[in-house]
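Take any residue in the sequence shown, count from 1 to its spot, add 142: that is its number in this note's numbering. Remarks on the structure that follows.
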Amino acid sequence: MEPFNLIAWVEKNKHRLIPPVSNETIYKGNDTFIVMVSGGPNTRKDYHYNESEELFFQLKGDIKIGLYVNGQHKTIDVREGEMVLISPKVPHQPRRFANTVGLIIEKHRVKGEKDGFLYFCEKCGNLLYEEYFFLEDIVKQFPMVMRNFYGSLDRRSCKKCKHVMELPPNWDQNIQVRAQDNEYAKDPHAEVRGKSW
Numbered sequence: 143m144e145p146f147n148l149i150a151w152v153e154k155n156k157h158r159l160i161p162p163v164s165n166e167t168i169y170k171g172n173d174t175f176i177v178m179v180s181g182g183p184n185t186r187k188d189y190h191y192n193e194s195e196e197l198f199f200q201l202k203g204d205i206k207i208g209l210y211v212n213g214q215h216k217t218i219d220v221r222e223g224e225m226v227l228i229s230p231k232v233p234h235q236p237r238r239f240a241n242t243v244g245l246i247i248e249k250h251r252v253k254g255e256k257d258g259f260l261y262f263c264e265k266c267g268n269l270l271y272e273e274y275f276f277l278e279d280i281v282k283q284f285p286m287v288m289r290n291f292y293g294s295l296d297r298r299s300c301k302k303c304k305h306v307m308e309l310p311p312n313w314d315q316n317i318q319v320r321a322q323d324n325e326y327a328k329d330p331h332a333e334v335r336g337k338s339w
C-alpha cells in the first residue's frame with residue numbers, strides 16, 4: 143500500500159495502452175474497485191451499460207463520451223485534467239483519440255448486477271441491438287456479444303432508416319480476448335465475488 147507516480151507508470155506502460163487491448167489494470171486482487179488506464183485510439187461501436195457508477199479522469203488529451211439518457215443521444219467532452227462520473231444504468235461510449243490516456247474506476251460486480259452492450263444506428267440513432275448478462279468471464283462473454291452483433295447482417299441493419307453498420311476495421315468473426323490479456327483471470331478474489339472486468 144505504497145503511493146506511486148501515476149504519470150511515470152503511464153509512461154512506462156504506454157506500449158500496453160494502444161490497440162487492440164488499449165487497457166491496463168493498475169491494481170489487481172483488490173476487493174472493491176477496478177482501476178484501469180485506457181489509451182486511444184479505440185474503434186468500439188458499442189455503448190456499455192453498468193448498474194453502478196463509472197468514474198473517468200482524463201490524464202492526457204481530450205475525449206468524447208457518447209451517452210444515451212432518457213431515450214436521447216448526447217455527447218460530452220472530457221478535456222485533459224477533467225473528470226466525470228457516469229451515473230448508474232446510463233449507456234456510455236468513450237471515444238478515445240490517438241495519444242489520449244484516461245483513468246477509469248468502477249466497482250467489481252456483485253451477484254445479480256448486470257452488464258450490457260447496446261448498439262445504435264450511426265445514421266439515425268435508432269437502437270439496433272442490446273444484450274445484457276451477468277458478467278462472469280470476460281474472456282468468453284465479451285467476444286460472444288460482439289460476434290452476436292457483428293455476425294448478423296439483420297442486427298446491424300436499421301429497421302428505421304435501412305442504414306447498415308459497417309464491420310470494424312480488421313474484424314474477425316473468430317475474435318476472442320486472450321486469457322493473458324484478462325488480468326482478472328488471475329484474480330484471487332474471483333471465486334468469492336465472481337469474475338469482473
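Ideal placement from N, C-alpha and C gives every residue a C-beta, glycine not left out.
For the pair LYS253 and PHE276, the Cα-to-Cα distance works out to about 8 angstroms. Judged by beta-carbon spacing, MET178 lies beyond the 7 angstroms limit of THR185, meaning their Cβ atoms are not closer than that value. Buried is the label assigned to LEU159, since at least 16 other Cβ atoms lie within 10 Å of its Cβ. GLU144 has its alpha-carbon roughly 47 angstroms from the corresponding atom of MET307. If the five residues before and after SER229 are omitted, its C-beta is found closer than 7 angstroms to the C-beta atoms of GLU195, all from its own chain and listed in chain order.
Rounded to the nearest whole angstrom, the CA to CA distance from ILE246 to PRO236 is 11 angstroms. One Cα belongs to LYS265, the other to PHE146, and the distance between them is close to 44 angstroms. Listed in chain order, the non-local C-beta contacts of PRO161 below 8 angstroms within the same chain comprise PRO183, ASN184, THR185, local neighbours out to five positions each way being set aside. With respect to the 7 angstroms criterion, THR174 and ILE205 are not classified as neighbours on the basis of their beta carbons. In the three-state reduction of the DSSP assignment, GLN235 falls in the strand class, which pools E and B. Out of PRO311, GLN315, GLN283, THR217, the CA that lies nearest to the CA of SER294 is found in GLN315. Here PRO311 is exposed. Its C-beta has fewer than 16 other C-beta atoms within 10 Å. The Cβ atoms of LEU197 and LEU148 do not sit closer than 7 angstroms to each other.
Looking from the CA of PRO233, the closest CA among HIS250, GLN214, PHE239 belongs to GLN214. Rounded to whole angstroms, the gap between the alpha carbons of CYS263 and THR217 is 15 angstroms.
In the three-state reduction of the DSSP assignment, HIS215 falls in the strand class. Residues THR217, GLN235 of the same chain have their beta carbon placed closer than 6 angstroms to that of GLY208, with the five preceding and five following residues left out of the count. Runs of alpha helix (DSSP H) with 4 or more residues, each lying fully within the stretch 270–325, are found at 280–292, 295–298, listed in chain order.
Exclusion of the five residues before and after ASN155 leaves GLU166 as the residues of its chain whose Cβ lies within less than 7 angstroms of its Cβ. Per DSSP, reduced to three states, the secondary structure at LYS253 is coil, with no helix or strand assignment.
MET225 sits away from PHE259, with the two beta carbons spaced by 7 angstroms or more.
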